[in-house]
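Counting in the numbering used here, the sequence shown runs from 838 upward without gaps. Where is the CB? At the ideal position from N, CA and C, for every residue including glycine.
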Amino acid sequence: MNIRSEQPADVDTIRALTRAAFEKAPHASGTEAAIVDALRDAGALTLSLVAEDGGKILGHVAFSSVSVGGEAGWYGLGPVSVWPDSQGRGIGQLLIRHGLDALAQMGAKGCVLIGDPAYYSRFGFVADPAVTYAGLPPQYVQRLAFGETIPSGEIVYHAGFEAS
Ligand SMILES: CC(C)(COP(=O)(O)OP(=O)(O)OC[C@H]1O[C@@H](n2cnc3c(N)ncnc32)[C@H](O)[C@@H]1OP(=O)(O)O)[C@@H](O)C(=O)NCCC(=O)NCCS
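See the structure below:
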């Protein structure tokens, strides 16, 4: 399995993969593929990584800049997608670990996300009631600080997350 940055030729596959992965996912908005496109079009895809095996793209993860409590230096994880018939084989974890390592090397303060704590706690994400998002229950709003700066306040994602 090779993890690499997206190339222009990957764009259609990433869109189809994102649609397929979220089609039956709980809590899906149905706008996830449009969000990835909007972030890319705005130059706001800080990291867009694909997992490739034998020339086939099996998974994708996006990271984009966010502010937390008005403070920059934080990144939002997502959307993250693995083809339904390839899920549960560690591909999502590999993508996420690569992305978090790359963010840390870039000097990021850390990463935040909205997601299931049962999955994301394995990467060190913790639910912190001091970090909020759109009135969501606090257990779904998670943060991972790479250094000593602990975030506090509302997460503001890039406007691309309003794409539909
Ligand atoms: C979420 C997703 C990216 C994970 O990738 P994956 O390659 O299937 O997951 P991995 O093989 O790395 O990890 C498997 C583990 O994660 C768990 N898991 C997978 N998806 C999960 C989810 N949505 N919620 C909670 N746990 C999940 C599995 O039960 C398994 O747990 P275990 O290791 O304790 O047995 C993938 O399942 C997917 O594309 N889902 C649909 C889209 C989606 O929901 N994206 C995330 C939105 S927050």
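What does the alpha-carbon distance come out to for the pair residue i and residue j?
i: Gly952; j: Arg934; result: 16 angstroms
i: Ala1009; j: Ala967; result: Here the chain covers residues 838 to 1001 and nothing more, so residue 1009 does not appear.
i: Gly944; j: Arg856; result: 32 angstroms
i: Glu1002; j: Ala971; result: Residue 1002 lies beyond the residue range present for the chain, which begins at 838 and ends at 1001; the question has no answer from this structure.
i: Leu854; j: Ile894; result: 9 angstroms
i: Asp878; j: Asp965; result: 32 angstroms
i: Gly892; j: Trp920; result: 15 angstroms
i: Asp890; j: Thr883; result: 23 angstroms
i: Leu932; j: Arg926; result: 12 angstroms
i: Ser846; j: Tyr956; result: Residue 846 is actually Ala in this sequence, not Ser. Cα to Cα, Ala846 sits roughly 30 angstroms from Tyr956.
i: Cys948; j: Gln942; result: 13 angstroms
i: Thr969; j: Pro975; result: 7 angstroms
i: Gln844; j: Lys946; result: 27 angstroms
Looking at residue i: is its Cβ nearer than 8 angstroms to the Cβ of residue j?
i: Ser885; j: Ser918; result: no
i: Phe962; j: Leu940; result: no
i: Ser866; j: Gly896; result: no
i: Gly907; j: Gly984; result: no
i: Ser904; j: Val993; result: yes
i: Thr868; j: Ala996; result: no
For the candidate residues the options, whose alpha-carbon lies nearest to that of residue i?
i: Ala881; options: Ser1001, Asp938, Leu932 and Ser901; result: Ser901
i: Ile987; options: Ala888, Trp911 and Ala862; result: Trp911
i: Arg959; options: Leu973, Leu937 and Thr969; result: Leu937
i: Phe998; options: Ala871, Gly929 and Ala846; result: Ala871
i: Val873; options: Gln930, Val848 and Gln979; result: Val848
i: Asn839; options: Ser904, Val887, Pro921 and Asp965; result: Val887
i: Gly797; options: Leu973, Ala858 and Tyr994; result: The chain is shown only over 838 to 1001; residue 797 falls outside these bounds and no answer can be derived.
i: Leu876; options: Ala862, Pro863, Ile851 and His864; result: Ile851
Inside the segment 935 to 978 only - beta strand (DSSP E) runs reaching at least 3 residues: 947 to 951
Start-end ranges of the beta strand (DSSP E) lying completely within the segment 868 to 940, minimum 3 residues: 884 to 890, 893 to 905 and 908 to 919
Meets three-Cβ-pair contact criterion under 8 angstroms: the segment 900 to 918 and the segment 941 to 956: yes
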